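Here is the structure we will look at.
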Amino acid sequence: MPRLLVLEGNSLAGRRRWAEIAGLTPSESYADVLRALAPEAVVDIATPADADARLPQPIDAYHGIVITGSALNIYQREPEALRQIELVRTIFAQGVPMFGSCWGLQLATVAAGGEVSLNPAGREVGFARKIALTEAGRAHPMHAARSVVFDAPAIHSDIVTTLPPDGTVTACNAMSEVQAAEIRSGRGRFWGVQYHPEFSLQDVACVIRLIGQPLVDEGFFADLAELERYAADLATLHHDRARGDLLWRLGLDQDVADDALRQAEIGNWLASLDHRQAATSRTG
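Right under this line is the structure:
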């Protein structure tokens with residue numbers, strides 16, 4: 001029975017803000033996605049941003065570790081971020097496979113010697129458009145079942161600007177040269193994406209409502225009423241994927257509306273853990 005660990009990227013305040021809007025913290029929602037994709041798995045949650053955080057089990061008790069998004073900015077080097085950087089370095093050293101979304105990719109990048117900064121092109125909101133697999137990405141098992149170009153849920157202002165020495169870009173778009181990557185460090189392997197394959201359409205609606213006025217100020221919406229209509233359309237589509245009118249109006253396709261396609265990278269990572277376990281059992 002595989003045991004997985006979800007590392008919550010947010011501080012306590014960030015978790016509370018998200019839960020007030022979405023009903024669950026990001027790590028709780030991510031754990032639910034993992035349980036749906038791997039019903040046989042035991043999934044634990046930890047909050048390493050907290051000063052008093054403890055892992056439920058030793059690192060080597062886990063077959064794989066997942067890192068959520070976060071409202072933190074890693075280049076500010078706040079204690080909540082520094083604690084997570086050190087933990088990820090330890091995980092790399094111990095060789096437990098990791099997967100991360102958004103903050104997770106940024107965290108693994110910095111832990112392995114790369115750099116992250118504020119995106120001069122601005123914020124990527126709602127959906128990352130026209131993500132294109134690189135030559136390495138087209139051959140990478142993380143992206144199995146993905147089209148060469150696709151859209152995905154996304155919300156971020158920061159980007160990876162310099163990959164670590166043993167990093168490979170597997171996807172990019174006009175907003176970020178690193179939309180997905182594999183990073184190797186120590187004994188460890190990390191697969192990560194700048195977008196959020198774990199997000200449902202309801203989650204995207206929640207994060208847009210959570211940010212609110214800044215999205216109006218930045219020109220994404222004319223006013224809060226327009227923002228609310230957009231979020232309401234996403235929430236409606238979440239519950240009724242047959243609404244072709246909403247798919248058309250929102251400019252979305254099945255790479256977002258279909259759960260299996262939207263969550264492809266997570267499912268592929270879980271499958272890679274199965275293969276790793278099988279190989280270990282044959283050679284153990």
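When the letters of the sequence shown are read in order and numbered with full-length UniProt numbering, they come out as residues 1 to 284. The beta carbon of each residue, even a glycine, is placed where N, CA and C say it ideally should be. Source: prediction; values computed, not measured.
In the DSSP assignment, asparagine 173 forms a beta bridge with Ser176. Within the same chain, and ignoring the five residues on either side of arginine 138 in sequence, the residues whose Cβ sits closer than 7 angstroms to its Cβ are Val148. With respect to the 8 angstroms criterion, valine 42 and isoleucine 266 are not classified as neighbours on the basis of their beta carbons. In the structure shown, glycine 122 falls within a coil segment according to DSSP collapsed to helix, strand and coil.
Under a 10 Å Cβ-count criterion, tryptophan 103 is classified as buried, with 16 or more other Cβ atoms of the shown protein chains found around its own Cβ.
In this structure, the CA atom of phenylalanine 99 is about 31 angstroms from the CA atom of glutamate 218.
Between the C-alpha atoms of arginine 77 and alanine 242 there is a straight-line separation of about 45 angstroms. In terms of CA proximity to alanine 235, Asp203 leads the group Arg16, Asp203 and Gln106. By the Cβ criterion, the region 42-59 is not in contact with the region 107-121, since fewer than three pairs of Cβ atoms, one from each stretch, lie closer than 8 angstroms. Per the Cβ contact rule, the region 7-18 is in contact with the region 60-77 (3 or more Cβ pairs under 8 angstroms). A residue is called buried once 16 or more other Cβ atoms fall within 10 Å of its Cβ, and glutamine 213, having fewer, is exposed.
Per DSSP, reduced to three states, the secondary structure at proline 153 is strand. Here glutamine 57 is exposed: its Cβ has fewer than 16 other Cβ atoms, across all protein chains shown, within 10 Å.
Counting along the chain, threonine 109 sits inside the alpha helix (DSSP H) bounded by residues 103-111. In this structure, DSSP gives aspartate 52 a state outside helix and strand, which the three-state scheme calls coil.
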